[in-house]
Every structure is written in C-alpha cells, then in structure tokens.
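Colleague:
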Amino acid sequence: MSSQISARRLARDLGEWRSHRAAYLALADRVRVMLIDGRLASGSRLPAERELSSALQISRTTVAAAYAQLREERYLRSVRGSGSTLALPDGQRGPVQLTQELPLDFSKAAAAAYPGLPAAYQFAVEQLPHYLSHQGFDMQGLPELRSAVADHYSERGLPTTPEQVLITLGAQHALSLLTHTLHSPGERVLIEHPTYPHAIDTFLAAGARLLAMPVTSAGGWDITEGQLLIRRSAPSLGFLMPDFQNPTGASMSVEDRQRLARIAAREGTVLIADETTAQLDIDRGPLPPMASFSSSIVTIGSLGKLAWGGLRIGWIRGPKDLMAKVLRNRPAMDLGTPLVEQLASIYLLRETQLMTANRSRELRGGRDFLAAELTEHFPQWKLQLPDGGMSLWINTGDISSSALALAARSEGLAIVPGPRFGLEGAFERFLRIPFTYSREDLKEGVGALLRASHTAGSIPSKLPLQAVI
Ligand SMILES: Cc1ncc(COP(=O)(O)O)c(C=O)c1O
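Using our numbering, the first residue of the sequence shown is number 709, and each one after it goes up by one.
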C-alpha cells in the first residue's frame, strides 16, 4: 500500500514554493524537485486537489493544472479511485560501473588501518597455538571475543551476555544472515532514505518491497512518516543507522529512538540497528544504544570502520533464540569466522578508547579540511557539518550528481552519485564525499570535481535552478 501525503504536511514541506513562473508551474516544479531529492517518496499519494488547494489557499484550478503538468512529465500517475501517485519516470540505477580502479577512489567511506593493528595481529599469532587443536570451523565466534563484544554493550548501558552475540564476517554479512533469517520474499522492509547502498541491495535481492522513511542531515528522521509506514504496511524488518547515519551523518534523538522502538514492538516489525558507524564520534558525545529501548531490537556492529575494513570482523547482538535461528541458517552462506582475525579483534576491543580517540582526531581533521576546500571551490553547494561519521552529504544545487560522477571519471576520480543511496533515482542533487582520505587526495579530488563540474551540465532544464535543501 502506498503512503498518503497529507495536505497539511505537503503544504508545510513545500516551503516558499512560489517563483517567477506561473503558480501551477512553480508548484509542479517544487513537487518534482522534492521527489527527485528524496523528500517525497516515489509511490506515495498526493493529497486530493481540493484539500491541497485549501491548505495552500490557492484555487483548485491551479492545483489541478500543477497535477496535470506532473502527469504529463510522468512524475505523477493517476488511477481512478486511488488518487495521484508520485513516480520517477526514468529512475534507473544505471548499468555503468562507477567505481572501477581510478587514480583517486572516493567511492568508499572507509579509512586506513588503526596504527595498533600490527600489534593486534602479532598477539593473534602468538595466541594461535592454543587454538590449533580446535577444528577451526567457528560458526558462533570465540567465547572470549563474544564476551568482549558483550562487555562493550554492557559498558554502554545495554546489559548483554556472550550468548546474545554471534561473530560474523563484518556487518554486511551480519545483515545478510539476519535478512535470510527474518524476512520472506515479498514482505516489506522499512529503510531510511537515503541509506547505505548495500542494505538496499541485500533487501532487494531477498525480494523485499522497500518503504522509505526520509532522513536529512539537518532535520534528522521523519519519524511520523516511519510510524505511518510501519502501522500501514507492517514491514517485517526496519533497517536503521541511529548514529552518524551513512550517508547523512545524522544521529537520531533519544525521543525518536523511543518512538520508533515503541511502534515497531507494537506492530511486530524487527528493527535492525546498524552500529557500524556508531563509534565515529567527532564532537557529539554518547547516546544510548537503540536496542536499550526494546528487547526485540537487533544490533549489528563491526570493527571495519574503527579498526580496519580488511579485518572483516563484525557481529550480531540480539535475543538468544534469534542467535540460534541465525546459526541454523549460517552454513548455507559460510562455514565460520577465521580465528586469527577473531584473536586480533579481542586485542583491539581492549583498545576501544584509543581507537575511538584516534579515529575522532583523524575524522575531525578530514571533515574540516574537506569542508573548507568545498566552501572555497563550490560556494553554491550546501553542506551541513556532521558531528561524526566519515563523509559529507552535500546538496549540489543544480548540478546532477550522476553527471558529475561520470565526468569525474575522466578526471581520474571515482565517486558515488547521490541516487545510489536511494530508490528510483532520488537524490540526484546530492553527493557523498568521504573525508577519510589524505589532505593531498582530498585537495586533488576537489580539483577533479571542479574540472568535472564544468563539463557535467546541470539537472534537466525542466528543474528550477535554485538549490533546495
Ligand atoms: C552502515 C554500514 N553498514 C555496514 C557496512 C559494512 O561493514 P563491514 O565492512 O563490517 O561488512 C558499512 C560499510 O561501509 C556501512 O557503512
């Protein structure tokens, strides 16, 4: 079922929509751009003409003409009896491989290894002889590592036992295991919009129908929309990144965590809180883990961002009976987590404080440097400085980020365009730029983007030139 946008909400979200153009064109322009940049979800229903005209205090003829204009441009589908549904006409994910090897690769929001990594591996190799009588297939994770992960949650105010933890090959693997265990093809999954692209891939591959809950860098989560989607569509799963969300960098307030946890528990939607980015704090301070608001919330985590992506160690934390179900499903996917990496992770988790302080320092430097470069070279771009995470999520105004990403390739830079983080072509005016690279690389990357912007052109002329945040 598609969600209905109320006339009041639309009137509020349209903001100052009037322009020098005729009112019906200005209204159509604004609805179209809100659809493209993801603030209105494709598939949602616009209010009845009469209701919107009354909320906006304009004539019904003007609203009808705006809807007709959107219909003609294929941004609106009207089916007798079921209203007017928003749609993106050519929203395709694109066959072009945007991230193949280039001199500069900004396609990943990930950092170089924590300097303590060699010592962790040395510790692991020293410990290894104690484990060699073990047959080596470890589906659940070493008890010492599960204890260390459990302690990490208990210390953050979420009492956890080792039986509630399962060690995986990174958070992506954890997400796949959970999807296989908790979701059946055809069921709905609530996602944040924009979201982590491989989560979209995972859910679509499992035959999910996705429901998009908007999230923005400045405004955070549209919890009211999330509540509505859960109540109306009863998704089997909801996927969230409550801390330093990838790509917006936003963090969910305590009150919003409570509200979402409450409705999900009531409606039987299992929330997966992805905490892969949760330790990437620059200047925010701790917030209670999402799972502390409901015992049915499942958490996934990883050492990938804090220590090193190459470690490939992550975990699932959740109810004990869920761990048993996941364990039963696991052999179809893989036969366990390597021991050396697990032993290194035991060492690393003892250094969590050092690792977070180290990352925080690096991330602060990278964030401030990149923001200054962009402000100098792209003063028209709108960016909100995040208080953590690994990237800036930037509104590029009238520049199409897909066109920019393609042009940047000719300048030797791989970068992922905004629509990759959303559904059906949304976020064309957004670009994610990670700030985890060296200053030289960041400077060169911005230079490459600047040259690319001269050839990229802008979003099709039907769209207004004014940037919209
Ligand atoms: C939000 C989020 N979840 C999961 C992952 C994957 O983590 P891992 O490398 O531990 O599989 C990433 C990596 O970019 C991520 O950003």
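Glycine included, each C-beta is placed from N, C-alpha and C at the ideal position.
#1: Under a three-way DSSP split, which group does F1001 fall into?
#2: Please list the terminal residues of the continuous alpha helix (DSSP H) segment that includes L1078.
#3: Output the residue ranges of the beta strand (DSSP E) runs that lie fully inside the stretch 733–803 and measure 3 residues or longer, sorted by chain position.
#4: Quick one, which of R758, V833, W1016, R1128 has its alpha-carbon nearest S1110's?
#5: Got a sec, what are the start and stop residues for the alpha helix (DSSP H) M1031 sits in?
#6: Taking all protein chains shown into account, decide if F952 is buried (16 or more other Cβ within 10 angstroms of its Cβ) or exposed.
#7: By the three-class DSSP mapping on this structure, what secondary structure does Q808 have?
#8: Quick check: the Cα distance between S761 and Q777, rounded to an integer number of angstroms?
#9: When we look at the beta-carbon of E757 and count the other beta-carbons within 10 Å, is it buried (16 or more) or exposed?
#10: Threshold first: 4 residues or longer. Then list the alpha helix (DSSP H) segments lying entirely within the stretch 885–916, N to C.
#11: Beta-carbon separation of L1057 and A832 under 8 Å?
#12: For A650, which residues does DSSP report across the bridge?
#13: Would the beta-carbon of Y822 be found less than 7 Å away from any heavy atom of ligand 1?
#14: Spatial neighbours of L936 within its chain, please: CB distance less than 8 Å, with the 5 preceding and 5 following residues excluded, ordered by chain position.
#15: Determine the DSSP secondary structure at H1162, reduced to helix, strand or coil.
#16: Helix or strand or just coil, what does DSSP make of R717?
#17: If you scan the stretch 1112–1161 from start to end, which runs of the alpha helix (DSSP H) of 4 or more residues do you find wholly inside it?
#18: Looking only at DSSP bridge pairs, what is R1025 linked to?
#19: Under 7 Å from any heavy atom of ligand 1, does the C-beta of Y904 make it?
#20: Using the DSSP secondary-structure output, state which residues sit across from L1091 in a beta bridge.
#21: Counting only the same chain and skipping the five closest in sequence on each side, list residues whose C-beta sits under 8 Å from that of S752.
#22: Can you tell me whether K1170 is buried or exposed? The criterion is at least 16 other CB atoms within 10 Å of its CB, across all chains shown.
#23: Is the beta carbon of S941 less than 8 Å from the beta carbon of L995?
#24: Helix or strand or just coil, what does DSSP make of T868?
Modeller: Once the coordinates are examined:
#1: When DSSP states are grouped into helix, strand and coil, F1001 belongs to the helix group.
#2: L1078 -> alpha helix (DSSP H) spans 1060–1085.
#3: The qualifying runs are 784–787, 791–794.
#4: R1128
#5: For M1031, the enclosing alpha helix (DSSP H) starts and ends at 1028–1037.
#6: It counts as buried.
#7: In this prediction, Q808 scores a pLDDT of 46, lower than 50, which makes its location untrustworthy; no coordinate-derived value is stated.
#8: 16 Å
#9: buried
#10: Segments of the alpha helix (DSSP H) lying fully in the stretch 885–916: 905–913.
#11: Against a cut-off of 8 Å, the Cβ pair of A832 and L1057 comes out as no contact.
#12: Not covered by the structure: residue 650. The range shown for the chain is 709 to 1177.
#13: no
#14: S711
#15: helix
#16: helix
#17: none
#18: V873, T1007
#19: yes
#20: Per DSSP, I1102.
#21: Contacts found: S710, S711, Q712, I713, T793, L794.
#22: Because the pLDDT of K1170 is 43, which lies under 50, any placement of that residue in the model is unreliable, and the number read from its coordinates should be weighed accordingly. When all chains shown are included, K1170 counts as exposed.
#23: The answer is no: Cβ separation not under 8 Å.
#24: coil
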